[in-house]
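Enquirer: Would you mind keeping the following structure in view while I ask a few things?
Chains as they are written, first to last, in this note's numbering: chain A, 60 to 228; chain B, 345 to 536.
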């Protein structure tokens, strides 16, 4: 069922656009161009951050941090290795992507850690970026409880990611 | 981000000094930079593909249609904004794009929605409905997490999409927790 989900979605979107007499091919090419722009805009950030992440790992600092925080993480059921991901997630999407990709490569995409990282990435957003863009661009100065409420959402998402990955395999 | 980067370097160098493996730093740095480029190359194809289909959905009006399906929910969550046709349009487009994992399309719609909400309230203080919109956008409500799926596919996952149920449950829990927290922080005074 899941195997067909994306191919069918692709077909459905295309047929709908054709039925509406839209320039489907033109839209596809334009969207593809935007995808290229997106990758160009996140590439420099990925280079800079993956460099630092690899240095942190080679230095043994990551291992040490995970070791220190392991008991706490174990208590709430989150793999300690995903801590750097959770810390960076609210601040930078590309950095979180870099850290997540690194976890998946190091421990395996289908390992519990790799899967937890993927679910965490898929069920959270770049909170501070979103708030600053949405409120900053229209001149909202007092954000009231938007930040704490959004962080509560992030934290519950991370806990839920660890839990669901463990339960659903 | 600059501070975070410098901090990461500082910690790496300090830890390497303590553990006496300073020789590993430079190779690791170069390896990290190369890994980033490799990752980008692997990601490019699927990101372009999702971008292409997203554009087709946007231009054919499919996104707007989905947004209309969501309206009954909006009338509950955003009672004040729902009275305004324009704001409601932006809101539903924002949420529909989010649900489909098209973050790029969602952001401009979300900004337009907040702008319209601000015009209605006429104040530079965030309204309760704005805070709820923020929670909906930061909790990630995507049904198709396109970037993560691309990432998993490019790194050779057996079945890149089999994390979907876990993502859905986690997103739902995080959104409910966020909205609940917003309700609590809102207090009794400004209930709107």
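In this text, a Cβ means the ideal position worked out from N, Cα and C, and glycines have one as well. Note that the coordinates shown come from a computational prediction; the quantities given were computed from them, not determined experimentally.
Measure the C-alpha to C-alpha separation of residue 531/B and residue 203/A and round it to an integer number of angstroms.
Expert: Answer to the nearest angstrom: the Cα atoms are 12 angstroms apart.
Enquirer: Taking CB distances under 8 angstroms as the criterion, tell me whether residue 131/A reaches chain B.
Expert: No, because no Cβ of chain B sits closer than 8 angstroms to the Cβ of residue 131/A.
Enquirer: What is the DSSP secondary structure of residue 363/B, reduced to helix, strand or coil?
Expert: Looking at residue 363/B - three-state DSSP - the assignment turns out to be helix.
Enquirer: For residue 174/A, which residues of its own chain have a beta-carbon under 7 angstroms away from its beta-carbon, when the five flanking residues on both sides are left out?
Expert: These residues qualify, in order along the chain: 224.
Enquirer: At the level of alpha carbons, what is the spacing between residue 411/B and residue 433/B?
Expert: So the two alpha carbons sit approximately 8 angstroms from each other.
Enquirer: Should residue 503/B be labelled buried (16 or more other beta-carbon atoms within 10 Å of its own) or exposed?
Expert: It counts as exposed.
Enquirer: Are the Cβ atoms of residue 483/B and residue 184/A separated by less than 8 angstroms?
Expert: Yes.
Enquirer: Give, in chain order, every residue of the stretch 367 to 378 of chain B whose Cβ lies closer than 7 angstroms to some Cβ of chain A.
Expert: Taking 7 angstroms as the Cβ-Cβ cut-off against chain A, the residues of the stretch 367 to 378 of chain B that qualify are 368, 369, 372, 373, 375, 376, 377.
Enquirer: Whole-angstrom Cβ separation of residue 1/A and residue 180/A, contact assumed at under 8 angstroms?
Expert: Coverage of chain A is limited to positions 60 through 228, which leaves residue 1/A absent and any answer about it impossible.
Enquirer: So, with DSSP's three-state summary, where would you put residue 225/A?
Expert: Note: residue 225/A maps to helix in three-state DSSP.
Enquirer: Short of 7 angstroms in beta carbon distance, which residues of its chain neighbour residue 176/A, apart from the five on each side in sequence? Order them along the chain.
Expert: So the list reads 141, 144, 159, 162, 163, once near-sequence residues are dropped.
Enquirer: Does residue 181/A get closer than 8 angstroms to chain B when you measure Cβ to Cβ?
Expert: Answer yes: the Cβ-Cβ gap between residue 181/A and chain B drops below 8 angstroms somewhere.
Enquirer: Starting from the Cα of residue 67/A, find the closest Cα among 453/B, 494/B, 397/B, 445/B and give me that residue.
Expert: That would be 397/B, whose Cα lies nearest to the Cα of residue 67/A.
Enquirer: Assuming residue 430/B is part of the alpha helix (DSSP H), what are its boundary residues?
Expert: Here the alpha helix (DSSP H) through residue 430/B covers 429 to 443.
Enquirer: Hey, would you say the C-beta of residue 187/A is under 7 angstroms away from at least one heavy atom of the ligand SAM?
Expert: Inclusion of the ligand SAM in the displayed structure is not the case, the ligand content being empty and no account of it being possible.
Enquirer: Leaving out five residues before and five after residue 303/B in sequence, what residues of the same chain have Cβ atoms less than 7 angstroms from its Cβ?
Expert: Past the edges of chain B, shown from 345 to 536, lies residue 303/B, and the structure says nothing about it.
Enquirer: For a test of the three-state rule: what should DSSP assign to residue 202/A, helix, strand or coil?
Expert: Correct three-state label for residue 202/A: coil.
Enquirer: For residue 87/A, which of 391/B, 524/B, 458/B, 509/B has the nearest alpha-carbon?
Expert: The option with the nearest alpha carbon to residue 87/A is 391/B.
Enquirer: Keeping to the same chain, check which residues put their C-beta closer than 8 angstroms to that of residue 166/A; ignore five residues upstream and five downstream.
Expert: Around residue 166/A: 140, 172, 173.
Enquirer: Are the beta-carbon atoms of residue 387/B and residue 514/B separated by less than 8 angstroms?
Expert: It is not a contact, given that the beta carbons lie outside the stated cut-off.
Enquirer: Tell me, please, whether the stretch 127 to 137 of chain A touches the stretch 98 to 106 of chain A by the rule of three or more beta-carbon pairs shorter than 8 angstroms.
Expert: Output reads no: the stretch 98 to 106 of chain A does not touch the stretch 127 to 137 of chain A.
Enquirer: Does the beta-carbon of residue 394/B have 16 or more other beta-carbons within 10 angstroms, so that it is buried, or is it exposed?
Expert: Burial call: buried.
Enquirer: Using 8 angstroms as the limit for Cβ to Cβ distance, is residue 201/A near chain B?
Expert: Yes, residue 201/A counts as interfacial toward chain B.
Enquirer: Between the C-alpha atoms of residue 383/B and residue 72/A, what's the straight-line distance to the nearest angstrom?
Expert: One C-alpha to the other measures close to 28 angstroms.
Enquirer: By how many angstroms is the C-alpha of residue 227/A removed from the C-alpha of residue 407/B?
Expert: About 31 angstroms.
Enquirer: Find out if the Cβ-Cβ distance for the pair residue 212/A, residue 522/B is shorter than 8 angstroms.
Expert: Yes.
Enquirer: Run the CB neighbour count on residue 526/B, radius 10 Å, all protein chains shown included, and call it buried at 16 or more, exposed below.
Expert: Per the 10 Å Cβ criterion, buried.
Enquirer: Run through chain B and tell me which residues come within less than 9 angstroms of residue 196/A, C-beta to C-beta.
Expert: Correct list: 455, 458, 459.
Enquirer: Kindly confirm or deny that the stretch 369 to 380 of chain B and the stretch 72 to 82 of chain A touch, where touching means at least three C-beta pairs closer than 8 angstroms.
Expert: Contact between the stretch 369 to 380 of chain B and the stretch 72 to 82 of chain A is absent, because fewer than three Cβ pairs lie under 8 angstroms.
Enquirer: Comparing alpha-carbon positions, which option in 460/B, 490/B, 479/B lies nearest residue 197/A?
Expert: Nearest C-alpha to residue 197/A: 460/B.
Enquirer: Let me see if you follow: with CB-CB separation under 8 angstroms, is residue 423/B close to chain D or not?
Expert: No chain D appears in this structure, whose protein chains are A and B.
Enquirer: Please report whether the beta-carbon of residue 397/B lies at a distance below 8 angstroms from any beta-carbon of chain A.
Expert: Closer than 8 angstroms to some Cβ of chain A, the Cβ of residue 397/B qualifies, so yes.
Enquirer: Taking residue 367/B as the reference, which of 215/A, 117/A, 85/A has the closest Cα?
Expert: Considering only alpha carbons, the answer is 117/A.
Enquirer: So for residue 469/B, helix, strand or coil by DSSP?
Expert: The answer is strand: DSSP assigns residue 469/B an E or B state.
Enquirer: Please compile the residues from chain B whose C-beta is within a distance smaller than 7 angstroms of the C-beta of residue 227/A.
Expert: Chain B residues near residue 227/A: 509, 510.
Enquirer: Please go through the same chain and pick out, in chain order, the residues whose beta-carbon is closer than 8 angstroms to the beta-carbon of residue 458/B, but skip the five residues on each side of it.
Expert: Once the five neighbours on either side are set aside, the close Cβ partners of residue 458/B are 474, 477.
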